[in-house]
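Colleague: Just so you know, the protein sequences line up as chains A and B, in that order. Each residue of the first sequence is one higher than the one before, starting from 106 at the first, in this note's numbering. Each residue of the second sequence is one higher than the one before, starting from 2 at the first, in this note's numbering.
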Amino acid sequence: MTDSSQRLIARLVDDLEAVRPLPPIRQAFSLILALWAGLLGVVLWSKASELGTASLLEDPVYLASFIGLVVAAFGGTISALASGRPGRDRLELSGLLLSILGLLAAVIACWVGIRSLGPLAPPPPPGADAMCFETGAMLALLPAGMILVFVVRGWTAHPIRAAAIALLASGALGALIVHVTCNVLDPRHVLVGHLGVPIVLSLLGLYPLAIVLRRLRR
Amino acid sequence: MPLVPPPLARPSARLDVEWAETGGYVRGKTHDVASIASMTEIAAALHTREEDAPNGSRLRSPRTRSKRRSARPSAQVAEGIAALPDEAEARWSDWMRASQAGDAAAYRQLLVAIEPRIRSLVRARVRDASATDDVVQNSLLSIHRGRASYRPERPFGPWMRAIVRNSIVDHFRERKRRGDREIGLPIEDWPDDRPAHDAGDGSPLAPELAAALAALPETQRVAVTLLQVEGLSVAEAALKVGISPGALKVRAHRGYQALRTALADVREDGEWSSARPPRPVSDSSSRGAE
C-alpha cells in the first residue's frame with residue numbers, strides 16, 4: 106500500500122460517521138406506491154362529482170395507454186431506486202427498458218387510435234390538454250421528490266441516467282392519476298395531455314436535475 | 002521442489018510444459034514423460050506439479066487456466082474481475098455493516114483489506130502507475146461517500162466492484178477530456194535544473210509565484226496549494242476540502258490558468274527564479290505524449 110493511500114485511509118477513518126443504510130428497494134417502492142395511492146385517493150375524492158362517465162374498459166386505446174403508463178411508472182420507479190445503489194445495474198437497466206417500452210406502447214396505442222378516428226371526429230374539449238398536463242405535472246412533483254430522496258441518499262454512478270429515469274417514473278405516476286380520473290377519451294388528448302407529462306418532464310428536467318445530482322454526489 | 006527437473010536421458014521424450022503461476026507464466030519448464038503412458042497420467046503429473054508449487058503458490062497449465070476462466074460468468078470475464086472468496090466476502094460485509102454503525106476500527110480494517118483488491122482491479126485496466134494510485138484513491142473516497150448505499154444483506158463484492166468500475170470509467174473519461182484540450186510536453190524540455198528557491202522565510206515559492214498565488218480566489222488557492230505545495234493526492238485534497246475529486250481538479254485547473262495569466266509578464270521578462278513556468282500549450286509535436 107502506498108503512503109498516500111495510508112494517509113487517505115487514516116483521513117477516511119477520522120471522517121467516519123454512522124450512516125443509516127438505504128431501505129431495501131422493495132420497501133422504498135412500497136413507500137412510493139403508498140404515497141401515489143394516497144394522491145390518487147385524494148384526487149378521486151375531490152373529483153368524485155365529475156367522475157362516472159368514462160371507464161377504462163370502455164375504450165381499448167384508453168385501456169392500452171393505461172397499461173403502458175402503469176408499466177412505465179412502476180418499471181421506472183424500480184429503475185430509479187436501483188440507480189442509487191452500486192451493483193444493481195441489471196435491475197436499473199431492466200426497469201428502464203420496461204419503462205421505455207411501456208411508454209412506447211402507450212404512444213403507439215394512441216397513434217393507432219388517432220389513425221382510426223374518422224375525419225368528422227370532434228376535437229377534444231378546448232383547454233383539456235393543458236389542464237390535464239398541468240395537473241399531471243403537479244401530481245408528479247411529490248413522487249419525484251420521494252424518488253429523488255432515495256436516489257440522492259444513495260450513490261449514483263450515472264447522474265444523467267438517474268435523472269432521466271426519476272423524471273420519467275414520476276411523470277408517469279402523475280400522468281397515471283390524471284389518466285384514471287380524466288373523462289376525455291379522445292386519443293389525441295391522451296397523447297398530449299397524459300402521455301406528454303413523462304415525456305416532457307424527462308426532456309425538460311434531464312439536464313438541470315443531472316447537474317443537481319452530480320453536485321450532490323460530490 | 003525445484004521447478005526444473007534433472008537432465009533427461011532421451012531428449013525426444015521431453016514434453017515442454019508451460020506452467021502458469023499465480024503471478025504469470027513460467028515458460029520452458031520440462032517434464033520427463035518417458036514413463037508416462039497416457040494423457041491421464043500426464044494430467045495427474047500436472048496436478049502433482051501444481052500441488053508441489055513452492056511457497057504455497059499454485060501452478061496451473063494453460064489448459065487448466067483457460068478452463069477455469071471459461072467457467073466464470075461471462076460478465077466477469079469481460080471485466081477481468083474474479084469473484085471474491087466467500088470468507089473474505091462475509092468478513093468485508095461484516096466490517097462494512099459495523100462501519101455503517103460508526104465502528105472506526107472495523108472501517109480501518111475494511112479499507113486496509115480492500116485496498117489491495119481495488120488496486121488489482123484498477124491495475125487490470127489502468128496501465129499508468131501514477132494514474133492507478135489516483136483511481137484507487139478515488140474509489141476509496143467513493144466507497145466512503147456512498148457507504149449508505151450498501152445494503153447489509155447483500156454481498157459486498159459486487160457493490161465495491163461497481164464503484165471501482167465507475168471510478169475507472171471516470172478516469173478514462175477524464176483522460177480523454179484532458180487529452181482533447183491539453184498538449185503534453187516531454188519532461189526533458191522542462192527547465193527543472195535550477196535549484197529550489199528559498200526566500201529566507203522557508204517558503205519554497207518564488208516571490209512572484211507566491212504573490213500570484215495569494216491573489217487567487219480562496220477556493221482556487223486552496224486547491225493549488227494542497228496539490229502543488231503540500232503535495233497531497235487529488236483524493237486526499239478533495240477529502241480535506243470536502244468536495245469531490247472532480248470538483249477539486251476543476252478548481253485547481255482554474256487556478257493554474259489564473260496563475261499562468263498572472264505570471265505571463267514575468268515569463269516574458271525572463272525573470273523566472275525557481276518557480277516552474279506554466280506548461281506551454283503550443284507544441285503540436287508532443288501531442289498525446291501524456
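Ideal Cβ placement from N, Cα and C applies to all residues, glycine included. Predicted, not measured: the structure shown is a model, and the values here were computed from it.
Can you tell me which of A/Leu168, A/Phe255 and A/Leu290 puts its alpha carbon nearest to the alpha carbon of A/Pro228?
Modeller: A/Leu290
Colleague: Could you give the residue range of the alpha helix (DSSP H) that holds B/Gln229?
Modeller: Where B/Gln229 is concerned, there is no enclosing alpha helix (DSSP H), given that its DSSP letter is neither H nor E.
Colleague: Going by C-alpha to C-alpha distance, which of B/Arg222, B/Arg155, B/Ala236 and B/Ala163 sits closest to B/Arg92?
Modeller: B/Arg155
Colleague: At what residue ranges does the stretch 207 to 254 of chain B contain a whole run of the alpha helix (DSSP H), taking only runs of 4 or more?
Modeller: 208 to 215, 219 to 225 and 235 to 242
Colleague: Counting only Cβ pairs nearer than 7 Å, list the residues of chain B close to A/Trp216.
Modeller: The premise fails here: A/Trp216 is roughly 37 Å from chain B at the closest Cβ pair, so nothing lies under 7 Å.
Colleague: Three or more C-beta pairs closer than 8 Å, one from the stretch 110 to 127 of chain A and one from the stretch 148 to 166 of chain B: is that the case here?
Modeller: yes
Colleague: Using a cut-off of 7 Å between C-beta atoms, extract the partners of B/Arg146 located in chain A.
Modeller: Trp260
Colleague: Under 9 Å between the Cβ atoms of A/Val176 and A/Leu206?
Modeller: Yes. Within cutoff.
Colleague: Buried or exposed: where does B/Arg179 fall if 16 or more other Cβ atoms within 10 Å of its Cβ makes it buried?
Modeller: exposed
Colleague: Quick one: is B/Lys241 near chain A, going by C-beta distance under 9 Å?
Modeller: So, interface residue.
Colleague: Should B/Glu237 go down as buried or exposed, given a rule of 16 or more other Cβ atoms within 10 Å for buried?
Modeller: Only buried fits B/Glu237, as 16 or more other CB atoms lie within 10 angstroms of its CB.
Colleague: Taking all protein chains shown into account, do 16 or more other C-beta atoms lie within 10 angstroms of the C-beta of A/Val217, making it buried, or fewer, making it exposed?
Modeller: exposed
Colleague: Rounded to whole angstroms, what is the Cα-Cα separation between B/Leu217 and B/Ala263?
Modeller: Straight-line measurement puts the Cα of B/Ala263 at about 10 Å from the Cα of B/Leu217.
Colleague: Tell whether a beta-carbon distance below 9 Å holds between A/Gly173 and A/Gly200.
Modeller: no
Colleague: Are the C-beta atoms of B/Leu227 and some chain A residue less than 9 Å apart?
Modeller: no
Colleague: Mapping the DSSP letters down to three states, classify A/Val257 as helix, strand or coil.
Modeller: helix
Colleague: Find the nearest neighbour of A/Ser307 within the set A/Gly223, A/Val254 and A/Ala185, judged by alpha-carbon distance.
Modeller: A/Ala185
Colleague: Between the Cα of A/Leu300 and those of A/Cys215, A/Gly259, A/Ile265 and A/Arg116, spot the shortest distance and give me the residue it belongs to.
Modeller: A/Cys215
Colleague: Would the C-beta of B/Gly103 count as close to the ligand COA, meaning under 8 Å from any of its heavy atoms?
Modeller: In the structure shown, the ligand COA is absent, as is every other ligand, since no ligand is present at all.
Colleague: Hey, could you find the ends of the alpha helix (DSSP H) A/Ser135 is sitting in?
Modeller: Ile130 to Ser151
Colleague: Span of the alpha helix (DSSP H) holding B/Glu116?
Modeller: Ala105 to Arg124
Colleague: Using alpha carbons as the reference points, say which of A/Gly223, A/Leu278, A/Ala210 and A/Thr261 lies closest to A/Thr240.
Modeller: Comparing Cα positions, the closest option is A/Leu278.
Colleague: Given that B/Trp160 touches chain A, what residues does it touch there, using C-beta distances under 7 Å?
Modeller: Pro191 and Gly192
Colleague: Going by DSSP in three states, A/Cys287 sits in which element: helix, strand or coil?
Modeller: coil
Colleague: In chain order, what residues of the same chain lie with their CB nearer than 7 Å to the CB of A/Arg193, ignoring the 5 residues before and after it?
Modeller: Ala187
Colleague: Does B/Gln221 have its Cβ less than 9 Å from a Cβ in chain A?
Modeller: Answer no: the Cβ-Cβ gap between B/Gln221 and chain A never drops below 9 Å.
Colleague: Give the single residue among B/Met97, B/Ile115 and B/Leu227 whose Cα lies nearest to the Cα of A/Met106.
Modeller: With distances taken between Cα atoms, A/Met106 lies closest to B/Ile115.
Colleague: Would the beta-carbon of B/Lys241 fall within 9 Å of that of B/Leu227?
Modeller: Yes.
Colleague: Please confirm whether B/Leu142 has its beta-carbon closer than 9 Å to some beta-carbon of chain A.
Modeller: yes
Colleague: With distances taken from CA atoms, which of A/Gly189, A/Gly298, A/Ala315 and A/Ile219 is nearest A/Val236?
Modeller: Checking the displayed sequence, the identity of residue 236 of chain A turns out to be Met instead of Val. The shortest C-alpha separation from A/Met236 is found at A/Gly298.
Colleague: On the premise that A/Ile114 lies in contact with B/Leu141, defined as a C-beta separation below 8 Å, what is that separation, rounded to the nearest angstrom?
Modeller: Right, their Cβ atoms sit about 7 Å apart.
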